[in-house]
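Asks: If you use the working numbering, the sequence shown corresponds to residues 905 to 1309, in order.
Cβ atoms here follow ideal geometry from the backbone N, Cα and C, with glycine treated the same way.
None of the values given here were measured: they were computed from a predicted structure.
Handing you a structure now.
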Amino acid sequence: MTSFDPLETRSQDARCADYAIALPKVIAAAMNAPAMAAHLGQLDAGRIIDRAALSRLPVLRKSDLTGAQAAKPPFGGLTAGTPTAFEHVFQSPGPIYEPGRVLPDWWRLGRFLHASGIGHGDIVQNCFSYHLVPAGMMFENAARAVGATVLPAGTGQTELQVIAARDIGTTAYAGTPDFLKIILDKADEMGIALSITKAVVGGGALFPSLREFYQARGITCRQCYATADLGNVAYETDAMDGMVVDEGVIVEIVRPGTGDPVPEGEVGEILVTTLNADYPLVRFATGDLSAVLPGQSPCGRTNMRIKGWMGRADQTTKIKGMFVRPEQVAALVAHHDEIHRARVVATRNGEKDVMTVRIETRASNPALYEASVLSTLKLRGEVELVPPGSLPNDGLVIEDLRRYD
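Structure, rendered in structure tokens:
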């Protein structure tokens, strides 16, 4: 393995020592951003030096971000700088506004392209959008970081995409997983052979059948997990064994609806803290589910690995006309020391909703929990006790089994 930089292969002790230096700086930068300071409250940035200290800080949710931006556009006081302190301002659906810089590898996707074998001598057909949203510039910035040439193709215009790919000799594709197949199918229809052998994708699910299709065409396709707010979070490598967490973020997996870390291997919500003082998002809840993989990647990179995207953490469900939220289920578990986990299951009995609360516990009397269910979930439900470890490890705390078709 040829490393992008020495950070990828440092020891865990060295990584933790570097966190102890970087985290206080990021927290201090966050305290200089009015909305972030108000969210974090009174704290000593110098004491936030590791994951344990980080886990005691409040979670920042997308609703907090949108609320702050609505009150004070465009960035809602979540950055210390004004819009003119950045080279770019982007608008994602919502609308949500994100800052952007042209500094080298500012979104940290260069590491992903390097791991995918893209570098000097490659021509990247960048089919992410350059209009309003940051995706196009994120991958443009990454290609520059690895010395590749870019065709800023954007989306659509499939026939022109094929002609350009042929004429300039495109070797790599960047874009959503399915648009490359559209380009290849159009090329086949036009009788044109393309030279694309590498693909880096994001912004949607890369289904196994699609990856196999590309592999059969001689194209190695890798995916990353990145967001407009955070930049790169994790990425695939040649090992194809989960996703390696990027060196510029700290990832926590927590119980949905809370900020409480779950044991290694258990599915939970992804929280991300960026080590980027320009836009210091601290414990930002992505709303996505994943789990930590044990051990080190066979590719030689030493950072934490996650399984990849495993669904959405926001499982809020309306039952009997009332919303039941993951944080309410977490409150029920926290109310009783002997409860390991709990899951709310919504079903139908005729034309009526039924709420069943499955509780992992060694207790044997369901009546012990009926009052807590009513007080925390605000609904009466059937209580079903199950042995510890029997609920599926899928991150779900609310499961809706009602059919809507």
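Looking only at its chain, what residues have a beta carbon closer than 6 Å to the beta carbon of valine 1054, apart from the 5 residues adjacent to it on each side?
Replies: On the sequence shown, position 150 is the one that residue 1054 refers to. Excluding sequence neighbours, valine 1054 sits near Val1028, Asn1030, Glu1044 and Ala1047.
Asks: Suppose the cutoff is 7 Å on Cβ atoms and the five residues either side in sequence are ignored; what does the same chain contact list for alanine 1181 look like?
Replies: The residue you call residue 1181 lines up with position 277 of the sequence shown. So the qualifying residues of the chain are Lys929, Val930 and Ala933.
Asks: From tyrosine 1139 to aspartate 1298, what does the alpha carbon distance come to, in whole angstroms?
Replies: Taking the first residue of the sequence shown as position 1, residue 1139 is located at position 235. Taking the first residue of the sequence shown as position 1, residue 1298 is located at position 394. So the alpha carbons of these two residues sit roughly 21 Å apart.
Asks: Below 8 Å on the Cβ atoms is my contact criterion, and I expect proline 1230 with alanine 1250 to pass it. Report the Cβ-Cβ distance as a whole number of Å.
Replies: Position 326 of the sequence shown, counted from the first residue, corresponds to residue 1230. Position 346 of the sequence shown, counted from the first residue, corresponds to residue 1250. At roughly 13 Å, the Cβ-Cβ gap does not stay under 8 Å, so proline 1230 and alanine 1250 are not in contact.
Asks: Based on the DSSP secondary-structure assignment, which residues constitute the bridge partners of serine 1194?
Replies: Numbered from its first residue, the sequence shown carries residue 1194 at position 290. According to DSSP, serine 1194 bridges with Gly1172.
Asks: Which residues in the same chain have their Cβ closer than 7 Å to the Cβ of glycine 1073, if we skip the five residues on either side of it in sequence?
Replies: Against the sequence shown, residue 1073 aligns to sequence position 169. Excluding positions up to five away in sequence, the list reads Ile1027 and Ser1099.
Asks: With cysteine 1125 as the anchor, note down where its beta strand (DSSP E) starts and where it stops.
Replies: The sequence position of residue 1125 within the sequence shown is 221, counting from 1. Run containing cysteine 1125: 1124-1131, per the beta strand (DSSP E) assignment.
Asks: Taking the alpha-carbon of glutamate 1156 as reference, which of Met1144, Thr1177 and Thr1141 has the nearest alpha-carbon?
Replies: Counting from 1 along the sequence shown, the entry for residue 1156 is found at position 252. Residue Thr1177 is the option with its Cα nearest to glutamate 1156.
Asks: Can you tell which of Lys1224, Thr1220 and Gly1254 has the C-alpha that lies nearest to the C-alpha of valine 1233?
Replies: Counted from its first residue, the sequence shown places residue 1233 at position 329. Selected option, being the one with the closest Cα: Thr1220.
Asks: Roughly how many angstroms separate the alpha carbons of aspartate 968 and leucine 1283, rounded to a whole number?
Replies: Numbered from 1 along the sequence shown, position 64 holds the residue referred to as residue 968. Numbered from 1 along the sequence shown, position 379 holds the residue referred to as residue 1283. Whole-angstrom Cα-Cα distance: 27 Å.
Asks: Would you mind reading off the limits of the alpha helix (DSSP H) that contains aspartate 968?
Replies: Along the sequence shown, read from residue 1 onward, the residue named residue 968 stands at position 64. That run of the alpha helix (DSSP H) goes 966-975.
Asks: Over the uninterrupted beta strand (DSSP E) stretch that includes methionine 1226, give me the two end residues.
Replies: By one-based count along the sequence shown, residue 1226 stands at place 322. First-last of the beta strand (DSSP E) with methionine 1226: 1226-1228.
Asks: Could you name the residues of the same chain whose beta carbon sits closer than 6 Å to that of aspartate 1304, not counting the 5 residues immediately before and after it, in chain order?
Replies: The sequence position of residue 1304 within the sequence shown is 400, counting from 1. The residues are Thr1221 and Ala1250.
Asks: Where in the stretch 1217-1260 do unbroken runs of the alpha helix (DSSP H), each at least 4 residues long, occur, reported from the N-terminal end onward?
Replies: 1230-1239
Asks: I need the DSSP call for histidine 1024, collapsed to helix, strand or coil.
Replies: By 1-based counting over the sequence shown, the position of residue 1024 is 120. Coil, per DSSP.
Asks: Relative to the C-alpha of glycine 1285, which residue among Gly1161, Ser1276, Gln916 and Tyr1077 is closest?
Replies: In the sequence shown, residue 1285 corresponds to position 381, counting from 1. Among Gly1161, Ser1276, Gln916 and Tyr1077, the Cα nearest to that of glycine 1285 is on Ser1276.
Asks: For the beta strand (DSSP E) that leucine 995 lies in, which residues bound it at each end?
Replies: Within the sequence shown, residue 995 is the residue found at index 91, counting from 1. First, the amino acid is wrong: residue 995 is glutamine here, not leucine. 992-996 is the extent of the beta strand (DSSP E) around glutamine 995.
Asks: Please confirm whether proline 1184 and serine 959 have their CB atoms less than 8 Å apart.
Replies: What you label residue 1184 is simply residue 280 of the sequence shown in a count that begins at 1. What you label residue 959 is simply residue 55 of the sequence shown in a count that begins at 1. Not a contact, by the Cβ cut-off of 8 Å.
Asks: By the three-class DSSP mapping on this structure, what secondary structure does phenylalanine 1316 have?
Replies: Because residue 1316 is not part of the residues shown, which for the chain are 905 to 1309, the question remains open.
Asks: Between the C-alpha atoms of proline 1160 and lysine 1090, what's the straight-line distance to the nearest angstrom?
Replies: Residue 1160 sits at position 256 when you count from the first residue of the sequence shown. Residue 1090 sits at position 186 when you count from the first residue of the sequence shown. Approximately 43 Å, taken between the alpha carbons.
Asks: Which runs of the beta strand (DSSP E) at least 3 residues long sit entirely within the stretch 1141-1165? Give them in chain order.
Replies: 1147-1149 and 1153-1158
Asks: Tell me whether leucine 1088 sits in a helix, a strand or coil according to DSSP, three-state version.
Replies: Translated into the one-based positions of the sequence shown, residue 1088 becomes position 184. Leucine 1088 falls in the helix class under three-state DSSP.
Asks: So, at 7 Å on beta carbons, what are the nonlocal neighbours of isoleucine 1086 in its own chain, with the 5 sequence-adjacent residues on each side left out?
Replies: Locating residue 1086 in the sequence shown gives position 182, counting from the first residue. So the list reads Thr1062, once near-sequence residues are dropped.
Asks: Answer with buried or exposed for threonine 1265, where buried requires no fewer than 16 other C-beta atoms within 10 angstroms of its C-beta.
Replies: Locating residue 1265 in the sequence shown gives position 361, where the first residue counts as 1. With 16 or more Cβ atoms within 10 Å of its Cβ, threonine 1265 is classed as buried.
Asks: Please confirm if the stretch 936-945 is in contact with the stretch 975-988, defined as three or more CB-CB distances below 8 Å between the two stretches.
Replies: yes
Asks: DSSP three-state label for asparagine 1045, please.
Replies: Walking along the sequence shown from the start, residue 1045 turns up at place 141. Helix.
Asks: Look up aspartate 1182 in the DSSP assignment and say whether it is helix, strand or coil.
Replies: Start at 1 with the first residue of the sequence shown, and residue 1182 comes out as number 278. Correct three-state label for aspartate 1182: coil.
Asks: Output the distance between the C-alpha atoms of glycine 1172 and aspartate 1071, rounded to the nearest integer angstrom.
Replies: Here residue 1172 corresponds to residue number 268 of the sequence shown, with the count starting at 1. Here residue 1071 corresponds to residue number 167 of the sequence shown, with the count starting at 1. For glycine 1172 and aspartate 1071, the distance between alpha carbons rounds to 47 Å.
Asks: With distances taken Cα to Cα, identify the nearest neighbour of proline 962 among Leu947, Thr970 and Ala972.
Replies: Along the sequence shown, read from residue 1 onward, the residue named residue 962 stands at position 58. The shortest Cα separation from proline 962 among Leu947, Thr970 and Ala972 belongs to Leu947.
Asks: How is threonine 1101 classed by DSSP in three states: helix, strand or coil?
Replies: Within the sequence shown, the letter at position 197 stands for residue 1101. If DSSP states are grouped into helix, strand and coil, threonine 1101 belongs with coil.
Asks: Which residue or residues does DSSP assign as beta-bridge partners of valine 1290?
Replies: If you number the sequence shown from 1, residue 1290 lands on position 386. Bridge partners of valine 1290: Glu1264.
Asks: Please confirm whether methionine 1147 and tyrosine 1129 have their CB atoms less than 8 Å apart.
Replies: Residue numbering aside, residue 1147 sits at position 243 when the sequence shown is read from its first letter. Residue numbering aside, residue 1129 sits at position 225 when the sequence shown is read from its first letter. Against a cut-off of 8 Å, the Cβ pair of tyrosine 1129 and methionine 1147 comes out as a contact.
Asks: Return helix, strand or coil for aspartate 1082, following the three-state DSSP convention.
Replies: Sequence index remark: in the sequence shown, residue 1082 carries index 178 (1-based). Three-state result, aspartate 1082: coil.
Asks: Under 8 Å Cβ to Cβ from isoleucine 925, same chain only, skipping five residues before and after it: list those, please.
Replies: In the sequence shown, the residue the question calls residue 925 occupies position 21. Excluding sequence neighbours, isoleucine 925 sits near nothing in its chain.
Asks: Are serine 915 and threonine 1141 closer than 8 Å when you measure CB to CB?
Replies: In the sequence shown, the residue the question calls residue 915 occupies position 11. In the sequence shown, the residue the question calls residue 1141 occupies position 237. No, they are not a contact pair.
Asks: Should proline 910 go down as buried or exposed, given a rule of 16 or more other Cβ atoms within 10 Å for buried?
Replies: Translated into positions along the sequence shown, residue 910 becomes position 6. Counting Cβ neighbours within 10 Å, proline 910 comes out exposed, since fewer than 16 surround it.
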